[in-house]
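Participant:
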Amino acid sequence: MTVTLSDEAMRLIALFEDETGATARDCVVDEEYDRLVFLVAAGEMGEAIGPGGQHVQSLEGQLDREIKLVEDAPTAEDFVASALSPAAVYNVTISQNDSTVAYAEVADEDRGAAIGKGGRNIDAARELAARHFDIDEIELT
């Protein structure tokens, strides 16, 4: 699946890669929550975050926006689990009927983390899952 990036998103990805040394596969400019969501190549999350979180902190300072990082994954199920981080996701089931729905099994104590303040985490997960795996909805079970 091909994701079309805006000029702003391409500029932000270039800055992200220069600052962190990690590869960004996508960037969502989230105006609603005034933040940027970067999709980091699988296995490069540590590099993206930097020692003690310094890469993320530096970018947040430069851009004056919150930064959320999501690690890419090869399967839709693993991708949804990663996108809902830091919540612990036990299992993801993809159901395809009229629409494609990912059912994510999350511990009760992690539901808040999966949803995020005002729904910000699950909204970002939904957008990225739609862009990269044609998933129409994510539901927590």
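The numbers in full-length UniProt numbering rise by one with no breaks, and the one at position 46 of the sequence shown is 46. Glycine included, C-beta positions come from ideal geometry on N, C-alpha and C. Fair warning: this is a prediction, and the values are worked out from it, not measured in the lab.
#1: Please look up how many angstroms separate the CB atoms of Glu139 and Tyr103, rounded, as I've assumed it's under 8 Å.
#2: Just to confirm before moving on: does the CB-CB distance between Ala83 and Asp110 stay below 8 Å?
#3: Determine the closest residue to Lys68 out of Gln57, Leu36 and Val3, with distance taken between C-alpha atoms.
#4: Using C-beta distances below 6 Å, list every residue in its chain close to Ile13, excluding the 5 sequence neighbours before and after it, in chain order.
#5: With H, G and I counted as helix, E and B as strand and the rest as coil, what does DSSP make of Glu19?
#6: My guess is that Phe79 and Ala129 are in contact by the Cβ rule of under 8 Å, so how many angstroms apart are they, rounded?
#7: Going by beta-carbon coordinates alone, are Leu39 and Asp72 separated by less than 8 Å?
#8: Within 10 angstroms of the Cβ of Val56, are there 16 or more other Cβ atoms? Answer buried if so, exposed if not.
#9: Which parts of the stretch 60-130 are runs of the alpha helix (DSSP H), unbroken and 4 residues or longer, counting only runs that do not cross its ends?
#10: Put Glu32 into one of helix, strand or coil per three-state DSSP.
#11: Evaluate Thr20 with the Cβ neighbour count: other Cβ atoms within 10 Å of its Cβ, from every protein chain shown; 16 or more gives buried, anything less gives exposed.
Facilitator: Per the coordinate set shown:
#1: 5 Å
#2: no
#3: Leu36
#4: Ala24 and Cys27
#5: Reduced to three states, the DSSP call for Glu19 is helix.
#6: 6 Å
#7: Closer than 8 Å, so yes.
#8: buried
#9: Taking only runs of at least 4 residues, the alpha helix (DSSP H) segments lying wholly in the stretch 60-130 are 76-83 and 111-115.
#10: Of the three classes helix, strand and coil, the one that applies to Glu32 here is coil, per DSSP.
#11: buried
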